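Protein sequences appear in the order of chains A and B. Be aware that the first sequence starts at 42, since it is given in my numbering, and climbs by one per residue. Be aware that the second sequence starts at 42, since it is given in my numbering, and climbs by one per residue. Just so you know, even glycine gets a beta-carbon here, dropped at the ideal spot from N, CA and C. In this text, all values refer to a predicted model and were calculated from it rather than measured experimentally. Everything on this sheet refers to the single structure shown next.
Number of protein chains: 2
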Amino acid sequence: MEKVLIAGQWRDANASSSFQASNPGTRELLPAEYPVSNWEDCNEALDSAAAAAVALRGISGARIADFLEAYANDIEANAEAIVDLAHAETAYPKETRLAGGEMPRTTNQLRQAAAAARDGSWALPTIDTSTGIRSVYGAIGPVCVFGPNNFPLAFGSASGGDFAAAIAAGNPVIAKANSSHPGTTRLFAECAQRAAEATGMPAGMVQLIYRTSHEDGERLVSDQRVGATGYTGSRHAGLKLKQAADLAGKPIYLELSSVNPVAVLPGALSERGSEIADEFTGSCLMGTGQFCTNPGLVLLLAGEATDQFISDITAKFAEAPVGTLLSAGVEKSLATNLQVLVDAGAELLVGNSAVDDGRFCYANTLLKVTATQFLADPEIMQTEAFGNSSLLLVADSVDELVQTVASLEGNLTGCIYSDTTGSDDAAYDRIASEMRVKVGRLLNDKMPTGVAVSAAMNHGGPFPATGHPAFTAVGIPGSLLRFGMLQCYDNIRAHRLPEILQDASPNGTVWRSVDGSWTQANI
Amino acid sequence: MEKVLIAGQWRDANASSSFQASNPGTRELLPAEYPVSNWEDCNEALDSAAAAAVALRGISGARIADFLEAYANDIEANAEAIVDLAHAETAYPKETRLAGGEMPRTTNQLRQAAAAARDGSWALPTIDTSTGIRSVYGAIGPVCVFGPNNFPLAFGSASGGDFAAAIAAGNPVIAKANSSHPGTTRLFAECAQRAAEATGMPAGMVQLIYRTSHEDGERLVSDQRVGATGYTGSRHAGLKLKQAADLAGKPIYLELSSVNPVAVLPGALSERGSEIADEFTGSCLMGTGQFCTNPGLVLLLAGEATDQFISDITAKFAEAPVGTLLSAGVEKSLATNLQVLVDAGAELLVGNSAVDDGRFCYANTLLKVTATQFLADPEIMQTEAFGNSSLLLVADSVDELVQTVASLEGNLTGCIYSDTTGSDDAAYDRIASEMRVKVGRLLNDKMPTGVAVSAAMNHGGPFPATGHPAFTAVGIPGSLLRFGMLQCYDNIRAHRLPEILQDASPNGTVWRSVDGSWTQANI
Numbered sequence: 042m043e044k045v046l047i048a049g050q051w052r053d054a055n056a057s058s059s060f061q062a063s064n065p066g067t068r069e070l071l072p073a074e075y076p077v078s079n080w081e082d083c084n085e086a087l088d089s090a091a092a093a094a095v096a097l098r099g100i101s102g103a104r105i106a107d108f109l110e111a112y113a114n115d116i117e118a119n120a121e122a123i124v125d126l127a128h129a130e131t132a133y134p135k136e137t138r139l140a141g142g143e144m145p146r147t148t149n150q151l152r153q154a155a156a157a158a159r160d161g162s163w164a165l166p167t168i169d170t171s172t173g174i175r176s177v178y179g180a181i182g183p184v185c186v187f188g189p190n191n192f193p194l195a196f197g198s199a200s201g202g203d204f205a206a207a208i209a210a211g212n213p214v215i216a217k218a219n220s221s222h223p224g225t226t227r228l229f230a231e232c233a234q235r236a237a238e239a240t241g242m243p244a245g246m247v248q249l250i251y252r253t254s255h256e257d258g259e260r261l262v263s264d265q266r267v268g269a270t271g272y273t274g275s276r277h278a279g280l281k282l283k284q285a286a287d288l289a290g291k292p293i294y295l296e297l298s299s300v301n302p303v304a305v306l307p308g309a310l311s312e313r314g315s316e317i318a319d320e321f322t323g324s325c326l327m328g329t330g331q332f333c334t335n336p337g338l339v340l341l342l343a344g345e346a347t348d349q350f351i352s353d354i355t356a357k358f359a360e361a362p363v364g365t366l367l368s369a370g371v372e373k374s375l376a377t378n379l380q381v382l383v384d385a386g387a388e389l390l391v392g393n394s395a396v397d398d399g400r401f402c403y404a405n406t407l408l409k410v411t412a413t414q415f416l417a418d419p420e421i422m423q424t425e426a427f428g429n430s431s432l433l434l435v436a437d438s439v440d441e442l443v444q445t446v447a448s449l450e451g452n453l454t455g456c457i458y459s460d461t462t463g464s465d466d467a468a469y470d471r472i473a474s475e476m477r478v479k480v481g482r483l484l485n486d487k488m489p490t491g492v493a494v495s496a497a498m499n500h501g502g503p504f505p506a507t508g509h510p511a512f513t514a515v516g517i518p519g520s521l522l523r524f525g526m527l528q529c530y531d532n533i534r535a536h537r538l539p540e541i542l543q544d545a546s547p548n549g550t551v552w553r554s555v556d557g558s559w560t561q562a563n564i
Numbered sequence: 042m043e044k045v046l047i048a049g050q051w052r053d054a055n056a057s058s059s060f061q062a063s064n065p066g067t068r069e070l071l072p073a074e075y076p077v078s079n080w081e082d083c084n085e086a087l088d089s090a091a092a093a094a095v096a097l098r099g100i101s102g103a104r105i106a107d108f109l110e111a112y113a114n115d116i117e118a119n120a121e122a123i124v125d126l127a128h129a130e131t132a133y134p135k136e137t138r139l140a141g142g143e144m145p146r147t148t149n150q151l152r153q154a155a156a157a158a159r160d161g162s163w164a165l166p167t168i169d170t171s172t173g174i175r176s177v178y179g180a181i182g183p184v185c186v187f188g189p190n191n192f193p194l195a196f197g198s199a200s201g202g203d204f205a206a207a208i209a210a211g212n213p214v215i216a217k218a219n220s221s222h223p224g225t226t227r228l229f230a231e232c233a234q235r236a237a238e239a240t241g242m243p244a245g246m247v248q249l250i251y252r253t254s255h256e257d258g259e260r261l262v263s264d265q266r267v268g269a270t271g272y273t274g275s276r277h278a279g280l281k282l283k284q285a286a287d288l289a290g291k292p293i294y295l296e297l298s299s300v301n302p303v304a305v306l307p308g309a310l311s312e313r314g315s316e317i318a319d320e321f322t323g324s325c326l327m328g329t330g331q332f333c334t335n336p337g338l339v340l341l342l343a344g345e346a347t348d349q350f351i352s353d354i355t356a357k358f359a360e361a362p363v364g365t366l367l368s369a370g371v372e373k374s375l376a377t378n379l380q381v382l383v384d385a386g387a388e389l390l391v392g393n394s395a396v397d398d399g400r401f402c403y404a405n406t407l408l409k410v411t412a413t414q415f416l417a418d419p420e421i422m423q424t425e426a427f428g429n430s431s432l433l434l435v436a437d438s439v440d441e442l443v444q445t446v447a448s449l450e451g452n453l454t455g456c457i458y459s460d461t462t463g464s465d466d467a468a469y470d471r472i473a474s475e476m477r478v479k480v481g482r483l484l485n486d487k488m489p490t491g492v493a494v495s496a497a498m499n500h501g502g503p504f505p506a507t508g509h510p511a512f513t514a515v516g517i518p519g520s521l522l523r524f525g526m527l528q529c530y531d532n533i534r535a536h537r538l539p540e541i542l543q544d545a546s547p548n549g550t551v552w553r554s555v556d557g558s559w560t561q562a563n564i
């Protein structure tokens, strides 16, 4: 049985059961056994995290940056083992996806988080010299991270975006591994623990458990020792955690579900339909469609160009190799959710069948509905079929497209393709106006699956895409704000202020809002 | 029966019952009758607010600023009538409190909000030129405002901090009047409606209802047409609304309860005990103690200076005139909650008795407990007795004080008085470290009741002081962020970007983060 990492020690779990991950390429269980922790493990992790949070009050952002950088270096030194195990647990291609994609993204993200912690500008220090009031975001307290199945490295519970943001904001992390790749998460936690020891971080800085009962998960996120939680995963499980955390008044940042509407207007299709068909197919089937921002709903206007586009992408989906899915659960959910759409009247264009070749997989699938059908039951029609599938909607008018967008729940992204000569502009304006308030990120002429780690990124959006539309889960420094509490100092004697709020800038680089102007200067 | 303001029209409510406010100075009902609206009123207000939110997408921050400034001017033109009615409904002194205090605070706040809307810096525009990604906070959608009883002007539902912030962020407001001062709120709404018409705002920009059933209130804050809610009031009612809003994934910003611990260390008492006794008495009895930041828990160390301080403030509380309370409900809650503390073992120093002179009022009250008593049941001992009362805690050691602070729930404020020669410094450091993470605003040598409208203010704090520790309800531009959603633009064609994100600054004043540096310049 693998060990949990609690209070700086790898030790046997308090567990009454265990689980194994699967090799998606063979449908077989992998040999390692992981414990399902009892509450005792959670409780000890919470105690240790609370103690770490106290110790962190005396540890500067620069020292936290040292830790994050040492961790990134340690990951690079162990990259081959991590990539090997992640490949075994996810079947993602080693070179193009894991070693060449997620790995540099992960270490880059940790180094950006380190730079943000060292600099301090993320915390929006604000100084009002006339009233003697100064404020800054400070650590919110121990953060629980529940990472998703689809990014074992770059969004892993002990290595990814939520982890990096929580640590850089000055918080210890209790990582709950995703059951699809517990071994990968364990390797990361080993690197993190070594780096924490090497840089003098407190014992409970990074802790790892693999799984708990649902009940203990809800108890964990609502515990008084917790500051906040970051969760990316299924809507059902996320909403249960949200309810528990909300009742206890504990912030929880969730990334739940999103169909990511893509409107492709007739002018764009006439101009470059074949190119867009390639883009769409690539985006929708990349990673076997297992992206939070997978284009799951395509909005089209009836006409010849649209008929040609549908015919093109149907052919491409039929011809494209069928990718491997992450787990039996993903395979089953995909089939189930596609059936929900078919039962609701969606027409099958291609796919929607099991593929029996010894892997977790399902045929590349396209379904089609009319806007009338969609608008008759938008809730059912927005069922997310996570994986290599998409629902095409063909409307008879721009009015119908606008109504369709207005009927959508919150989404992470929304895209509109339009032509370059202006024939789509009137439709664009109407659709974009509705789409703007439904999505966190609005795109033009580009598929949504690339999520750059940019200060201007918003990987977020209105419920149920996330739990709160003011926060982003990707992008530094913005993503750190989720794990800060606003701390105001009123008439505090100068020498007692945190360094970042004293008259002299602590480092000459931090941007502070002084009497309404942003500056890097001393006061 | 007074009329509601819905969709730009003052009209009869759809109501099945009514209520009257009281004159706190006479305990008698005031003549005006206000409707308890049925769901039909809420539903129509939501439809109109949703339409207004759509119209506001095409209205610039500068035009919203025009509205807010016209509104502030209109209030000033009608100040005497507002102050008269507010005095009748609250019994607050006209000159020192209403005309001289809240009124200029209210119009100043509206003008600061106007300046923020015109400038745009509140929205943290962020531009990444290398990736073509740009983001900015935009309007979250219609905002419901439930104002408190204790600030009829400066935190009124249609005039105060939440209102100003929601409007300045680009949202229409549905104001739910506080039942203590429905007439004052109506007068404000009349000014607002005139200003909205004069400046060409959409019909549902400001709407007013007076009261609904609890069930309809919960339905309102969780309605899909709502963007967010601001609520200040009782913990019980607030938590019911929070639960409804949370389940629907709708942000709700609550200001619930706070005992606002004030630690007065022995050195400070030896040095200036008499002065601090005056400060405390003034702060605790001002406005009959009906401040969110009233010092309701005083933390002391056993000793001669503390004995003298307690004796001083007990005498002052006995001698001070008894102020008028806002309502029969406040009077009853105060008596009930003080009894909870007495039943839990608190010793009565002065007060805790009815005062029968034809007003809503209750004797100025001080209770005392030991730290041992407090720590035996911190939950009961933190019962907020809103009004002219405070609980004194006398500890035998700094350890006990630190444990006491560690046992506290989240609070809006925490203060520490220490001496100027350093004898309190060791105790200060330990107490401040614990207190920092329990409160939104930490003070030195100053009572918490002044809440400056400063960019650096945090009128917020961890649950249950508020619903989320990252947001402030007072202070501009910070308070606007509660009513914004993060809107990212990825690869959007330049002419389609909102003005604030185009290369050229729209006004030369807005601060934008461009490639990691804050600047007012064009790109």
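6 Å Cβ shell around residue i - same chain, five flanking residues per side excluded
i: residue 182 of chain A; result: 94 and 268
i: residue 205 of chain B; result: 150, 151 and 154
i: residue 456 of chain B; result: 303, 484 and 489
i: residue 48 of chain B; result: 89, 244 and 245
Simplified DSSP assignment, three categories, for residue i
i: residue 552 of chain B; result: coil
i: residue 352 of chain A; result: helix
i: residue 496 of chain B; result: coil
i: residue 76 of chain B; result: strand
i: residue 419 of chain A; result: helix
The alpha helix (DSSP H) enclosing residue i, as first and last residue numbers
i: residue 145 of chain A; result: 144-160
i: residue 109 of chain A; result: 102-118
Span separating the alpha-carbon of residue i from that of residue j
i: residue 409 of chain A; j: residue 435 of chain A; result: 8 Å
i: residue 120 of chain B; j: residue 425 of chain B; result: 33 Å
i: residue 438 of chain A; j: residue 502 of chain A; result: 27 Å
i: residue 158 of chain A; j: residue 513 of chain A; result: 17 Å
i: residue 72 of chain A; j: residue 372 of chain A; result: 21 Å
i: residue 199 of chain A; j: residue 247 of chain A; result: 8 Å
i: residue 342 of chain B; j: residue 323 of chain B; result: 22 Å
i: residue 80 of chain B; j: residue 286 of chain A; result: 30 Å
Neighbourhood of residue i by C-beta distance below 8 Å, restricted to the same chain and skipping five residues each side
i: residue 546 of chain B; result: 553, 561, 562 and 563
Limits of the beta strand (DSSP E) - the one that residue i falls within
i: residue 163 of chain B; result: That residue, residue 163 of chain B, is in no beta strand (DSSP E); it is neither H nor E in DSSP.
i: residue 333 of chain B; result: Residue 333 of chain B -> no beta strand (DSSP E), and no H or E assigned at all.
Residue i at chain B interface by Cβ criterion, 9 Å
i: residue 504 of chain A; result: yes
i: residue 529 of chain A; result: yes
i: residue 499 of chain A; result: yes
Chain A within 9 Å of residue i, Cβ atoms only
i: residue 169 of chain B; result: yes
i: residue 469 of chain B; result: yes
i: residue 465 of chain B; result: no
i: residue 182 of chain B; result: yes
i: residue 526 of chain B; result: yes
i: residue 300 of chain B; result: no
i: residue 522 of chain B; result: yes
Own chain residues within Cβ distance below 7 Å of residue i, not counting five before or after
i: residue 131 of chain A; result: 65, 193, 221, 222 and 367
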